[in-house]
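Residue numbers (our numbering), protein chains in the order written: chain A, 9 to 459; chain B, 8 to 450.
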């Protein structure tokens, strides 16, 4: 096992005099804040406008960050706290905010995420929602559905924000009726292309399914010739409701929302799949993101197990070609060292895949890029595998970076990139092998023509 | 214009003889999806290009993560500004306070990087949880013997523009703390952030004119130069929205006169040089400026004429951070035959909008603190071909099938100066003339 888990960040001693703790700041953070993850989930609900209850900047920064990755419109509203709302409470801004979203966007859903500010001053968002509903219902208006996720940025990262919001949405909407025959897939933070792949695979299988969240279209839309205020696509509300009656749930991940250190839910944090299993008695098939043959086989086995259906021929052949390509390419990657970073669910899946093909994976849990940069001096990786933010380390070391995951701010096409299933693994494998071949060729004294 | 929220109706007008002056300087409306950011953002973008200072963000992680290496502000030396440091406050710190983390982080970072000064940005919750940041700053300043300056920038305390003011006040604390011999005919350049190396183009011009540049605030900025900024004979202020406050404070305390300039487009760029020569009442300087302008223009005009011939009749929408820049853009676009049909900004003042109204053709939409709903309607109504804005405006343009020019942080080609005018023309041409639009016009 090559995984280094050196946690170089020393925790300060509580209540110790200033300076005794030896706390080291987070330098070039790998993580982002929780409301970003929430916004991503809300973008995966049909007809939904996200609202961040806090300062204007949170929404604007997150919009900018997501737009630079997806190259798509990302409208996120803000309740735009002022000094007054910080002191006396944000209910007035909340009401104005909701009113204006309804006027401008006519959404069917408003997804509300808290921020560090609204959580710190103790805003009662469920209370605000209830008051708004009470004040506005009964006058003939149909109000949007409100979903609230608690996502203070001082607890966990964007990944926790994502998983907490998946859980909060399902808790809010899931029905509990007679079990249906559909399967729910909770894919975690994957790319729009990955989501499209899952839909194709399940349709080809002939499985009735609900995929949530589904931002495959909202964040990777066709050219529309107009600015759709709410882009088409997303998981419809009625489908999220019926998640509560699924035959089975498959959820991808390994850490989910469990790295957040919130005192109130220590040891009791559930993932959405676990919650459905414990309250709705739906079998939850929890597994790492299906990257690699073994991991995808496991996913396919679960699908077969749940439905009794066979893997369609087309996808069986995708697997076959993947095996064939492993054989063709194995020598060029064997024993290479990869330095991995990103959301832990993705990193652990990628690490397992690296081992599957003979690459040595290295990664550090919950770290920052400067720690990673220092560690790279000891590890001496052959390449980096992660989002675009590690580019400066690759550049400094003169080694390639294979871009995966989120964010990819310095290239086009991040939303069309596959990571999961036989198809995603194939794409990753080809990219990694070719990157290492290109590196070798570029550094060869003769510049060969055949590999 | 039914799609405009009632409360915002007065922030939009159409240029014409009887057009009212639009309202501005207002807080963004809740739920309006403003393109603006917050106080923290305003302070951060202004101070960011000071390359030999430590920038530590005190708060939960988001604010630091989203501003890491956010501006293409180049440095001719240290690159400390490109690192993002955060105290990364956790739930426990929210309850028990984050002062220890702040102190420890500062000591460690100062020891590791030897900065010339440190800026400590306080974000939304720091004041709420009661951290005494000023005290920690004073303590570290004493121990480490460098200026440690709190930048009180909780996001909710106003808009981005208020953040500019906070940044100016932080810089002002440094001004006057050094006293170096400085030539009389010297200037400080305020409000250029050296995006894509634009500042270096300006330095070259002023050098040719024989003007000494004392401090550049804040592009490629150096703490020691800022400390001596009061010794310059003149503050030349671009991006007036962000830096005019500093210029005013310096005038009041040190008597340093200031002038507003813009470096975008030929007219404004040339005026920026002439005005400085005029200010110093120096005939030699003026002669050199004339010579420089003559050379540049005679080189540029034939090339620009080529673009003008091809771009004439195209219509542009402008929505940028500062209104002063918008004014220059209207002029620069006119030079290459492009008409501005929408002109807006996040932070314009009444004077700016008055100027825009006079400058623009009748029928031009003028807007303050706009949002995607309005902007997407405007460009369709006015049949714009090109949009000039920042990252958040790009998808609005692209989804509607308009060309786009990034005139903000992410630009990689300089757009200031004569060279910049050329790049600007090239970029407008490239985006307007691309053959891909045949697929968007007939999708």
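Ideal Cβ positions, reconstructed from N, Cα and C, are used throughout, including at glycine.
Apply the 10 Å Cβ neighbour rule to residue i and answer buried if 16 or more other Cβ atoms are within range, or exposed otherwise.
i	result
residue 237 (chain B)	buried
residue 395 (chain B)	buried
residue 335 (chain A)	exposed
residue 433 (chain A)	buried
residue 271 (chain A)	exposed
residue 385 (chain B)	buried
residue 194 (chain A)	buried
residue 128 (chain B)	buried
residue 164 (chain B)	buried
residue 454 (chain A)	exposed
residue 451 (chain A)	exposed
residue 501 (chain A)	The structure shown does not extend to residue 501 (chain A), since chain A is modelled only from 9 to 459, so the question has no answer here.
residue 117 (chain A)	buried
residue 18 (chain B)	buried
residue 459 (chain A)	exposed
residue 168 (chain B)	buried
residue 248 (chain B)	buried
residue 317 (chain A)	exposed
residue 257 (chain B)	buried
residue 25 (chain B)	exposed
Looking only at C-alpha atoms, which of the options sits nearest to residue i?
i	options	result
residue 82 (chain A)	A:56, A:90 and A:88	A:56
residue 452 (chain B)	B:25, B:181 and B:65	With chain B represented from 8 up to 450, any question about residue 452 (chain B) goes unanswered, as that position is not in the structure.
residue 321 (chain B)	B:333, B:283, B:310 and B:344	B:344
residue 199 (chain A)	A:438, A:415 and A:456	A:415
residue 192 (chain A)	A:288, A:345, A:399 and A:163	A:288
residue 204 (chain B)	B:91, B:84, B:251 and B:397	B:84
residue 68 (chain B)	B:56, B:325, B:132 and B:43	B:132
residue 225 (chain B)	B:120, B:233 and B:359	B:233
residue 332 (chain A)	A:283, A:301 and A:172	A:301
residue 490 (chain A)	A:441, A:42 and A:50	Any answer about residue 490 (chain A) is impossible in this case: the structure gives chain A only from 9 up to 459.
residue 140 (chain A)	A:125, A:104 and A:408	A:104
residue 439 (chain A)	A:393, A:95 and A:406	A:393
residue 216 (chain A)	A:405, A:125, A:303 and A:251	A:251
residue 352 (chain A)	A:435, A:95, A:362 and A:371	A:371
residue 119 (chain B)	B:90, B:105, B:235 and B:144	B:90
residue 341 (chain A)	A:349, A:369, A:327 and A:329	A:369
Review point. Does the segment 124-132 of chain A touch the segment 97-106 of chain A, meaning 3 or more C-beta pairs lie closer than 8 Å?
Key: Touching, per the Cβ criterion.
Practice item. Please determine if the segment 154-169 of chain A and the segment 216-224 of chain A are in contact, where contact requires at least 3 C-beta pairs separated by less than 8 Å. Key: Contact fails: fewer than three Cβ-Cβ distances are below 8 Å.
Review point. Can you find at least 3 beta carbon pairs, one from the segment 420-434 of chain A and one from the segment 195-209 of chain A, that sit closer than 8 Å?
Key: Result yes; three or more Cβ-Cβ pairs closer than 8 Å.
Exercise for review: Check whether the segment 66-82 of chain A touches the segment 147-159 of chain B, taking contact to mean three or more Cβ pairs, one atom from each stretch, closer than 8 Å.
Suggested key: Because the criterion of three Cβ pairs below 8 Å is not met, the segment 66-82 of chain A and the segment 147-159 of chain B do not touch.
**Study point:** Residues of the segment 199-225 of chain A whose Cβ lies closer than 7 Å to any Cβ of chain B, in chain order
**Key:** For the segment 199-225 of chain A, no residue has a beta-carbon sitting nearer than 7 Å to a beta-carbon of chain B.
Exercise for review: Could you tell me which uninterrupted beta strand (DSSP E) segments, each at least 3 residues in length, are contained entirely in the segment 155-203 of chain A, listed from first to last along the chain?
Suggested key: As far as the segment 155-203 of chain A is concerned, its whole beta strand (DSSP E) runs of at least 3 residues are 191-194.
Review point. How about the segment 305-322 of chain B and the segment 431-444 of chain B: do they share at least three Cβ pairs that are nearer than 8 Å?
Key: At 8 Å Cβ cutoff, the stretches touch.
Practice item. Scan the segment 44-75 of chain A for residues whose Cβ lies nearer than 8 Å to a Cβ of chain B and list them as they occur along the chain. Key: Those would be 44, 59, 62, 63, 64, 65, 66, 67, 68, 69, 70, 71, 72, 73 and 75, in chain order.
Review point. So, do the segment 372-391 of chain B and the segment 238-245 of chain B have three or more beta carbon pairs nearer to each other than 8 Å?
Key: Verdict: no, contact absent.
Practice item. Could you run through the segment 296-326 of chain A and flag, in chain order, every residue whose CB is less than 8 Å away from some CB of chain B? Key: Of all residues in the segment 296-326 of chain A, none places a beta-carbon less than 8 Å from a beta-carbon of chain B.
**Study point:** Start-end ranges of the beta strand (DSSP E) lying completely within the segment 196-267 of chain A, minimum 3 residues
**Key:** Segments of the beta strand (DSSP E) lying fully in the segment 196-267 of chain A: 217-219 and 256-260.
Review point. Along the segment 141-166 of chain A, what residues have a CB closer than 8 Å to any CB found in chain B?
Key: So the list reads 160, 161, 162, 163 and 165, given in the order they occur along the chain.
Review point. Is there contact between the segment 45-53 of chain B and the segment 158-173 of chain B, where contact requires at least three CB pairs shorter than 8 Å?
Key: When C-beta atoms of the segment 45-53 of chain B are compared with those of the segment 158-173 of chain B, three or more pairs fall below 8 Å, so the two segments count as touching.
Exercise for review: Check whether the segment 297-307 of chain B touches the segment 319-339 of chain B, counting contact only when three or more Cβ pairs, one atom from each stretch, lie closer than 8 Å.
Suggested key: No, because fewer than three Cβ pairs between the segment 297-307 of chain B and the segment 319-339 of chain B fall closer than 8 Å, the two stretches do not touch.
Practice item. Go through the segment 29-65 of chain A residue by residue and report every complete run of the alpha helix (DSSP H) that reaches 4 residues or more, in order. Key: Runs found: 42-51.
Check your understanding: Is the segment 141-150 of chain A in contact with the segment 163-176 of chain A, if contact means three or more CB pairs nearer than 8 Å?
Key -> These segments do not touch.
Practice item. Taking only runs that begin and end inside the segment 160-209 of chain B, name each unbroken alpha helix (DSSP H) of 4 or more residues, in chain order. Key: With a minimum length of 4 residues, the continuous alpha helix (DSSP H) runs that stay inside the segment 160-209 of chain B are 167-181.
Practice item. With a floor of 3 residues, list each beta strand (DSSP E) that falls wholly inside the segment 74-144 of chain B, ordered by position along the chain. Key: Within the segment 74-144 of chain B, the complete beta strand (DSSP E) runs of at least 3 residues are 124-129.
Practice item. For the segment 88-111 of chain A, enumerate the residues whose C-beta is nearer than 8 Å to any C-beta of chain B, in chain order. Key: Cβ contacts with chain B come from 88, 89, 90, 91, 93, 94, 101, 102, 104, 105, 106, 107, 108, 109 and 111.
Check your understanding: Would you say the segment 370-379 of chain B touches the segment 178-187 of chain B, given that touching needs at least three Cβ pairs under 8 Å?
Key -> The segment 370-379 of chain B makes no contact with the segment 178-187 of chain B: fewer than 3 CB pairs, one atom from each, lie closer than 8 Å.
Practice item. Select from the segment 80-104 of chain B all residues with a C-beta closer than 9 Å to any C-beta belonging to chain A, and list them in chain order. Key: Contact annotation: in the segment 80-104 of chain B, residues whose CB is within less than 9 Å of a CB in chain A are 89, 90, 91, 92, 93, 94, 95, 96, 97, 98, 99, 100, 101, 102 and 103.
Exercise for review: Taking 8 Å as the threshold, find out whether the segment 214-223 of chain B comes into contact with the segment 187-197 of chain B through three or more Cβ pairs.
Suggested key: In the pairwise beta carbon analysis, the segment 214-223 of chain B is classified as touching the segment 187-197 of chain B: at least three pairs are separated by under 8 Å.
Exercise for review: Give a yes or no on contact between the segment 311-325 of chain A and the segment 357-365 of chain A, applying the rule of three or more CB pairs nearer than 8 Å.
Suggested key: Three or more beta-carbon pairs separated by less than 8 Å are not found between the segment 311-325 of chain A and the segment 357-365 of chain A, which leaves the two stretches without contact.
Check your understanding: Which full runs of the beta strand (DSSP E) of 3+ residues lie inside the segment 353-427 of chain B, going along the chain?
Key -> With a minimum length of 3 residues, the continuous beta strand (DSSP E) runs that stay inside the segment 353-427 of chain B are 372-375, 393-396 and 410-413.
Practice item. Say whether the segment 422-433 of chain B touches the segment 275-284 of chain B, bearing in mind that this needs 3 or more beta-carbon pairs closer than 8 Å, one atom from each stretch. Key: Counting Cβ pairs under 8 Å, three or more are found: they touch.
Point to revise | Contact residues within the segment 232-245 of chain A, judged by C-beta distance below 8 Å to chain B | key: Cβ contacts with chain B come from 232, 233, 234, 235, 236 and 237.
Point to revise | the segment 66-81 of chain B: positions lying closer than 9 Å to chain A by Cβ | key: In summary, the residues of the segment 66-81 of chain B whose CB is separated from some CB of chain A by less than 9 Å are 66, 67, 68, 69, 70, 71, 72, 73, 74, 75, 76 and 77, in the order they occur in the chain.
Check your understanding: When the Cβ atoms of the segment 375-388 of chain A are set against those of the segment 398-407 of chain A, are three or more pairs found closer than 8 Å?
Key -> Remark: three or more beta-carbon pairs, one from each stretch, lie closer than 8 Å, so the segment 375-388 of chain A and the segment 398-407 of chain A are flagged as touching.
Check your understanding: Closer than 7 Å, Cβ to any Cβ of chain B: which residues of the segment 332-362 of chain A, in chain order?
Key -> Hits within the stretch: zero.
Review point. Fully enclosed by the segment 285-366 of chain A, which alpha helix (DSSP H) runs are 4 residues long or longer?
Key: Fully enclosed alpha helix (DSSP H) runs of 4 or longer: 301-315, 321-337 and 352-365.
Check your understanding: For the segment 305-327 of chain B, which residues have a beta carbon sitting closer than 8 Å to at least one beta carbon of chain A?
Key -> Taking 8 Å as the Cβ-Cβ cut-off against chain A, none of the residues of the segment 305-327 of chain B qualify.
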